[in-house]
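Undergrad: Per our numbering, the very first residue in the sequence shown carries number 260; after that it's consecutive.
Glycine included, C-beta positions come from ideal geometry on N, C-alpha and C.
Bear in mind the structure is a predicted one, so any value in this text is a computation, not a measurement.
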Amino acid sequence: MVLTSYKPKLAIVYASVTGNTEQLAEMLQAAILQQGLHTELYKIEDFPLAALSDFDTLLIGTYTWGSGEIPGELRDLYHAIEKLEHKELQTAVFGTGDSFFAEFCGAVDRFRDMLYVKTTLVASLKVELTPQPRDFIRCEKLAELIQSTK
260 MVLTSYKPKL AIVYASVTGN TEQLAEMLQA AILQQGLHTE LYKIEDFPLA
310 ALSDFDTLLI GTYTWGSGEI PGELRDLYHA IEKLEHKELQ TAVFGTGDSF
360 FAEFCGAVDR FRDMLYVKTT LVASLKVELT PQPRDFIRCE KLAELIQSTK
């Protein structure tokens, strides 16, 4: 039974160089839609930072740069969330990486640690290189977590 007509605002925001993180973002969006939730998908350059506090749930997709660093194009989002007084913002972070490197998906870890302190972190998800069909199951589990906390 639905007691309210309010529909939570969800956004998936990502940065991708090789297309792997973009594919994972699209997989997550499909899994979330299967849960009956609507979500908006944004490349980081199209995301309105000023509207950050308008969202109930934010999923952040990142690739890892250099020695586990957050990519330059995501730094403004990172710092905006750090300053945000919105602990009830539900978040998740996901990314793709190559386990050949010492810090596999290091940017995911850096986002995760900050989101844990500043928001209500639901989950983090790391995928090796290009997302595979089996990774969709992991996306479904993340979507179920989001749905269960709504």
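Determine which residues share a DSSP beta bridge with serine 383 and list them.
TA: In the DSSP output, where bridge partners are listed per residue, serine 383 has Val352.
Undergrad: Please name the residue, chosen from Tyr301, Gly331 and Glu332, that lies closest to leucine 317 on a Cα-to-Cα basis.
TA: For the residues Tyr301, Gly331 and Glu332, the minimum Cα distance to leucine 317 belongs to Tyr301.
Undergrad: Compare the beta carbon distance of threonine 277 and tyrosine 322 with 9 angstroms and say whether it is the shorter of the two.
TA: In contact: threonine 277 and tyrosine 322 (Cβ atoms closer than 9 angstroms).
Undergrad: Whole angstroms is fine: what's the gap from phenylalanine 363's alpha carbon to histidine 297's?
TA: Computed Cα separation, rounded: 31 angstroms.
Undergrad: Beta-carbon separation of glycine 320 and isoleucine 271 under 9 angstroms?
TA: Yes, the pair counts as a contact, with Cβ atoms nearer than the cut-off.
Undergrad: Using the C-alpha atoms, what's the distance from valine 381 back to leucine 404?
TA: Distance between the alpha carbons of leucine 404 and valine 381 is about 7 angstroms.
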